[in-house]
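**Student:**
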Amino acid sequence: MLIVQKFGGTSVANLERIRAVGERVRKTKEEGHDVVVVLSAPAGETDQLLKLANEISESPDPRECDSLISLGEQKNIALLGLYLHSKQVPCISLTAAQIPILSNKDHGKARILHIVPDRIRKELKSGKIVILPGFQGITDEGDTTTLGRGGSDTSAVAFAAALKADLCEIYTDVDGVYTADPRVVENPKLLKKISYEEMMELADSGAKVLQTRSVEVAAKHRVPLKVRSSFNDKPGTEVVAENETLEKILVAGVTLNTQEAKVAIRRIPSEAGVLAKFFAPLAEAGINVDMIVENLSKDGTTDLAFTVSKEDLRKTLKLAEGVAKRLGAGKVEAASDIAKISIVGLGMRTHAGVAYQIFKILADLGVTVQMVSTSEIKVSLVVAIDDAKRAVKGLHQAFGLDRSE
140 MLIVQKFGGT SVANLERIRA VGERVRKTKE EGHDVVVVLS APAGETDQLL KLANEISESP
200 DPRECDSLIS LGEQKNIALL GLYLHSKQVP CISLTAAQIP ILSNKDHGKA RILHIVPDRI
260 RKELKSGKIV ILPGFQGITD EGDTTTLGRG GSDTSAVAFA AALKADLCEI YTDVDGVYTA
320 DPRVVENPKL LKKISYEEMM ELADSGAKVL QTRSVEVAAK HRVPLKVRSS FNDKPGTEVV
380 AENETLEKIL VAGVTLNTQE AKVAIRRIPS EAGVLAKFFA PLAEAGINVD MIVENLSKDG
440 TTDLAFTVSK EDLRKTLKLA EGVAKRLGAG KVEAASDIAK ISIVGLGMRT HAGVAYQIFK
500 ILADLGVTVQ MVSTSEIKVS LVVAIDDAKR AVKGLHQAFG LDRSE
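Residue numbers (the working numbering): 140 to 544.
1. Could you give the uninterrupted runs of the alpha helix (DSSP H) lying entirely in the region 481-529, keeping only those of 4 residues or more?
2. Starting from the N-terminal side, write out each stretch of the beta strand (DSSP E) that is 3 residues or longer and does not extend beyond the region 365-438.
3. For LYS479, which beta-bridge partners are listed by DSSP?
4. Would you tell me roughly how many angstroms separate the C-alpha atoms of ARG202 and SER512, rounded to the nearest one?
5. Which stretch, first to last residue, makes up the beta strand (DSSP E) that contains PHE538?
6. Between GLU212 and the ligand ATP, is the CB less than 8 angstroms from at least one heavy atom?
7. On the three-pair Cβ rule with 8 angstroms, is the region 452-463 touching the region 347-367?
8. Check each candidate in GLU433, ALA400, ILE388 and GLY425 and name the one with the smallest Cα separation from SER409.
9. Quick one: is ASN215 buried, meaning 16 or more other Cβ sit within 10 Å of its Cβ, or exposed?
10. Looking at the strands, I want to know which residues DSSP matches up with ASP88.
11. For the putative contact between LEU241 and HIS253, defined by C-beta atoms under 8 angstroms, what is the C-beta separation to the nearest angstrom?
12. By alpha-carbon positions, which one of ALA473, PHE370, GLU381 and LYS454 ends up nearest to GLY486?
13. Rounded to whole angstroms, what is the Cα-Cα separation between VAL255 and VAL508?
14. Since ALA527 contacts ASP476 with CB under 8 angstroms, what's their CB separation in whole angstroms?
15. Which residue from HIS246, SER232 and LYS499 puts its Cα closest to that of VAL269?
16. Go through the region 240-269 residue by residue and report every complete run of the alpha helix (DSSP H) that reaches 4 residues or more, in order.
17. Tell me where the beta strand (DSSP E) around SER184 begins and ends.
18. Considering only the alpha carbon of each residue, which of THR278, VAL531 and THR293 lies closest to VAL143?
19. Buried or exposed for TYR495, going by 16 or more other Cβ atoms inside 10 Å?
20. In angstroms, rounded to a whole number, what distance separates the CA positions of ALA192 and LEU207?
21. Check for me: the beta strand (DSSP E) holding VAL176 runs from which residue to which?
22. Starting from VAL447, follow its DSSP beta bridges and name the residues at the other end.
23. What's the gap between the Cα of ASP279 and the Cα of ASP200?
24. Would you kindly work out how many angstroms separate the C-alpha atoms of CYS230 and GLY484, rounded to a whole number?
25. In terms of residue numbering, what span does the beta strand (DSSP E) encompassing LYS226 cover?
26. Please go through the region 280-334 and give each complete alpha helix (DSSP H) segment of 4 or more residues, from N-terminal end onward.
27. Could you pull out every residue in the same chain whose Cβ sits closer than 6 angstroms to the Cβ of ALA358, ignoring the five residues on either side in sequence?
28. Report the residue from GLY171, GLU170, ILE480 and LYS457 whose alpha carbon sits nearest the alpha carbon of GLU472.
29. Using a Cβ-Cβ cut-off of 9 angstroms, state whether GLY290 counts as contacting chain D.
30. Comparing alpha-carbon positions, which option in ALA468, ASP282 and SER448 lies nearest THR397?
31. Can you tell me whether MET339 is buried or exposed, with buried defined as 16 or more other CB within 10 angstroms of its CB?
32. In or out: ILE497 buried (at least 16 other Cβ within 10 Å) or exposed?
33. Use the C-beta contact count for GLU130: other C-beta atoms within 10 angstroms, 16 or more gives buried, fewer gives exposed.
Set out below in structure tokens:
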């Protein structure tokens, strides 16, 4: 088997943990498998490098910034290579340029365009473990790019797809995919299997175990994916095609995202294309708008509310206020004391009344719902942040997701 093993920041946070990763990788090789290893930077190092960039420059140049923040992964692949060489394990580390991993030029949030797998295949054929950096690529001009938060997951799945690997294992600091964040809910269940679609919705809604883009790539190329802990030998969670799940349970998980903010604009003059005038500058600025609610008033004006990430709030307000002023709309208001709760499950497609159950549970808890959005297998709600954990616990319990003791 050809196995791609990706280790996250906590798994390679120091030399002791890098040695442990080395032993796990060596064991996989000794079991007769070909192994490609993808490493993140040590936990917190990318943030430290970003901090340095912002200390030396008020507005860091994106190209130079990517050159800097890609160093954490490059350091770790060399360290793992040094450790394996010291144990007489044949291996080689390769940088993004040496592979190469070709990306677009969107520094800080680049997308992989193409991976040339020839060098990796050559090294595997010679019996070596191949160690690769996550989170980065190069442009056609040879400039380093980074893929954005969680980009190492995407790198690993992209390598697995390019190499037609038999399995891609994502090693992290949890035992797999849970029905809720164990820091919020005391007794969540560990899922043995989950569909690509459910995992994508959970990741997009705030579950941090996998990055959304990585699941999209896995689903597109049908990459067999497994989420495991790097600190034990438990089997973890398989991410599979929908028809491979054992059963379509009603709800697979409940997520909580406290990193969103709500923007509201009152009394927008109703005219064709008016909402596009608000969202066009946000799109141009790379701001992702999540939930959107529009209300048409009796006086012919429109009230608009939408959510963005808290880190984009200041930029969003500046852009929205400019458009509102030009259109003669009312005041632009913001609220950061909110949270988004999402309930995800394939069973929602075939079970009626799920929305009613959700609203009934929250009403019984005395939780007011501020915004709602739905898809085939997901219901997302905005509530006051003070009500959020109580709401998640109540929903998790009501849908039978608590682990049986």
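Beta carbons: idealized from backbone N, C-alpha and C, even for Gly.
**Tutor:** A quick look at the data gives this:
1. 493-504
2. 376-379, 392-396, 399-408 and 431-435
3. ASN396 and VAL521
4. 37 angstroms
5. Neither: PHE538 is in no beta strand (DSSP E) and is coded neither H nor E.
6. In terms of ligand content, the structure shown is empty, and the ligand ATP therefore cannot be addressed.
7. no
8. Distance check between SER409 and each of GLU433, ALA400, ILE388 and GLY425 places GLU433 closest, using alpha-carbon atoms only.
9. It counts as buried.
10. Any property of residue 88 remains undetermined from this structure, which presents the chain solely from 140 to 544.
11. Indeed, because the Cβ distance is near 5 angstroms, the residues count as touching under 8 angstroms.
12. GLU381
13. 49 angstroms
14. Their Cβ separation, rounded to whole angstroms, is 10 angstroms, which puts ALA527 and ASP476 out of contact at 8 angstroms.
15. SER232
16. 257-264
17. Going by the sequence as given, residue 184 is Glu instead of Ser. Note, GLU184: premise wrong, no beta strand (DSSP E); alpha helix (DSSP H) at 184-195.
18. THR293
19. exposed
20. 8 angstroms
21. Element bounds for VAL176: 173-178.
22. ALA400
23. 19 angstroms
24. If you draw a straight line from the Cα of CYS230 to the Cα of GLY484, it comes to about 42 angstroms.
25. Element bounds for LYS226: n/a, residue is neither H nor E.
26. 290-302
27. TYR335
28. LYS457
29. The question asks about chain D, but that chain is absent: this structure has only one protein chain.
30. SER448
31. By the neighbour-count rule (16 or more Cβ atoms within 10 Å), MET339 is buried.
32. buried
33. The structure shown has nothing for residue 130, since the chain only spans 140 to 544.
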